Amino acid sequence: MTTRIIRIFDFIFALSGLIVSFPLLLAVTILGYFDNGSPIFRQERVGKNKKTFTLIKFRTMVVDTKSVATHLASASSITKLGAFLRRSKLDELPQLINVLKGEMSLVGPRPNLFNQIELTTEREALGVYNVLPGVTGLAQINNIDMSTPKLLAETDQKMIISLSLRNYFKYIFMTATGRGSGDAIKK
Numbered sequence: 205m206t207t208r209i210i211r212i213f214d215f216i217f218a219l220s221g222l223i224v225s226f227p228l229l230l231a232v233t234i235l236g237y238f239d240n241g242s243p244i245f246r247q248e249r250v251g252k253n254k255k256t257f258t259l260i261k262f263r264t265m266v267v268d269t270k271s272v273a274t275h276l277a278s279a280s281s282i283t284k285l286g287a288f289l290r291r292s293k294l295d296e297l298p299q300l301i302n303v304l305k306g307e308m309s310l311v312g313p314r315p316n317l318f319n320q321i322e323l324t325t326e327r328e329a330l331g332v333y334n335v336l337p338g339v340t341g342l343a344q345i346n347n348i349d350m351s352t353p354k355l356l357a358e359t360d361q362k363m364i365i366s367l368s369l370r371n372y373f374k375y376i377f378m379t380a381t382g383r384g385s386g387d388a389i390k391k
């Protein structure tokens with residue numbers, strides 16, 4: 205029952221968020237054309253039941269950056285606008301489209317790349333792929349990123365087991381008020 209209620213909240217919040225933030229989405233898209241020529245970033249990610257879906261974000265790195273986990277990407281590939289978008293977490297805003305489509309939830313394990321074999325193995329063993337991936341969650345607010353696959357998978361499992369409406373709203377509130385710093389970038 206909680207899963208259905210969360211899906212209803214996901215849909216309402218994603219639709220409302222897209223409507224309210226439309227001017228911001230438009231402004232960042234226009235600025236993105238001047239920053240890197242291609243403001244929207246799409247990448248294949250691992251979704252619920254290990255099904256592929258296309259994650260949508262604002263581009264924060266130069267266009268020809270290698271498709272690797274964020275912690276393996278070079279900090280020199282981040283654009284000026286990208287640095288601001290990452291700090292403010294505005295780069296995540298287009299993921300509301302993924303939430304609206306039912307490919308993601310607002311709260312869940314961050315979707316990984318298929319080439320992150322160690323993380324995929326750890327998550328699979330703990331049943332993490334039985335739920336929709338999310339925009340934020342327990343790991344994100346505690347600054348646990350994909351550079352520590354075992355800890356991340358364990359934290360994801362802990363969040364899934366304890367996910368209630370109360371925790372759902374708590375994780376969203378904590379993210380919105382600045383808790384968590386996102387994925388680390390290689391220096």
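Residue numbers for the sequence shown, in my numbering: 205 to 391.
Note that CB positions come from ideal geometry on N, CA and C, so glycine has one too.
These numbers come from a predicted model, not from an experiment.
Measure the Cβ-Cβ separation of residue i and residue j and say whether it is below 8 angstroms.
i, j, result
"F262", "P243", "yes"
"I212", "Y372", "no"
"D214", "V303", "yes"
"L289", "T325", "no"
"L356", "M350", "yes"
"D239", "L285", "yes"
"L330", "M308", "no"
Based on the DSSP output, what are the partners of residue i in its beta bridges?
i, result
"L336", "For L336, which the question treats as bridged, DSSP gives no partner whatsoever."
"V250", "T256"
"K261", "F245"
"S309", "G338"
Taking its Cβ as the centre, do 16 or more other Cβ atoms sit within 10 Å of residue i, making it buried, or is it exposed?
i, result
"G382", "exposed"
"K255", "exposed"
"Y375", "buried"
"I260", "buried"
"F245", "buried"
What three-state label does DSSP hand residue i in the structure shown?
i, result
"Q361", "helix"
"R383", "coil"
"L297", "coil"
"I282", "strand"
"S225", "coil"
"L330", "coil"
"V267", "coil"
"L317", "coil"
"S292", "helix"
"S351", "coil"
"N346", "coil"
"G236", "helix"
State the start and end residues of the unbroken alpha helix (DSSP H) segment that holds residue i.
i, result
"S242", "Note, S242: premise wrong, no alpha helix (DSSP H); not H, not E."
"L367", "Run containing L367: none; DSSP gives neither H nor E here."
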